[in-house]
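Only one structure is covered here, and it is reproduced in the block below.
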Amino acid sequence: MKGHETFTEAVVRLLKSVPEGKVTTYGQIAALAGNPQAARRVVRVLCSLSEREGLPWHRVINSKGGVSLTGEGRKLQLGLLRKEGIRLGADGRMNLQRFQWRP
DNA sequence: GCCATGGCTAGTA
DNA sequence: GCCATGGCTAGTA
């Protein structure tokens, strides 16, 4: 969290810098934005601003390396990740060591 | 009250 | 599985 920007602004900025082929977690973004406790606020930002800001929402996964969405959203997210070369193992998780974004 | 979280603990197998 | 967490929403009063 640099300077005067708000938590939400920091989250947007950070999300936009996650490159193709890499993933981040709700908690990682919250921590980098200055509040490690606010993983759920990151979810709020994703829900409300993904479309308008063009956020790479599909690159955000949970701390276990799994996709948290259900139903259609889940299918869409898995498809988008797959196009970037990321897929889940039989246990429904991906290798975070390999795919997690490191700023 | 709900939830696209996360971390920690009991308690099975 | 439990609970701290944070912000929004449906649905009463």
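This note's numbering runs 11 ahead of the 1-based position in the first sequence.
Ideal Cβ positions, reconstructed from N, Cα and C, are used throughout, including at glycine.
Predicted, not measured: the structure shown is a model, and the values here were computed from it.
Contact set for residue i: own chain, Cβ-Cβ below 7 angstroms, skip 5 residues either direction
| i | result |
| --- | --- |
| Phe110 | Lys33, Val34, Ile97 |
Environment of residue i [buried if 16+ CB atoms lie within 10 Å]
| i | result |
| --- | --- |
| Leu87 | exposed |
| Gly100 | exposed |
| Val63 | Per the sequence shown, the amino acid found at residue 63 is Arg instead of Val. That one is exposed. |
| Pro30 | exposed |
| Arg70 | buried |
| Pro67 | buried |
For residue i, three-class secondary structure by DSSP
| i | result |
| --- | --- |
| Thr35 | strand |
| Val23 | helix |
| Val78 | coil |
| Val71 | strand |
8 angstroms Cβ shell around residue i - same chain, five flanking residues per side excluded
| i | result |
| --- | --- |
| Arg93 | none |
| Val54 | Tyr37 |
| Gly103 | Gly77, Val78 |
| Pro114 | Leu25, Ser28, Leu43 |
| Glu16 | Arg24 |
Residues of its chain near residue i, where Cβ-Cβ distance is below 6 angstroms and the 5 sequence neighbours each way are ignored
| i | result |
| --- | --- |
| Trp56 | In the sequence as displayed, the identity of residue 56 is Val instead of Trp. Within the same chain, Val56 has close Cβ partners Thr19, Val22. |
| Gly38 | Ala50, Ser74 |
heavy atom of the ligand MN below 8 angstroms from residue i C-beta
| i | result |
| --- | --- |
| Val22 | The ligand MN is not part of the structure shown, which contains no ligands of any sort. |
Rounded Cβ spacing between residue i and residue j (contact assumed at less than 8 angstroms)
| i | j | result |
| --- | --- | --- |
| Ile72 | Ser61 | Incorrect: roughly 15 angstroms between the Cβ atoms, too far for contact. |
What are the uninterrupted segments assigned as alpha helix (DSSP H) that are 4 or more residues long and contained completely in the segment 83–112, given in chain order? 107–110
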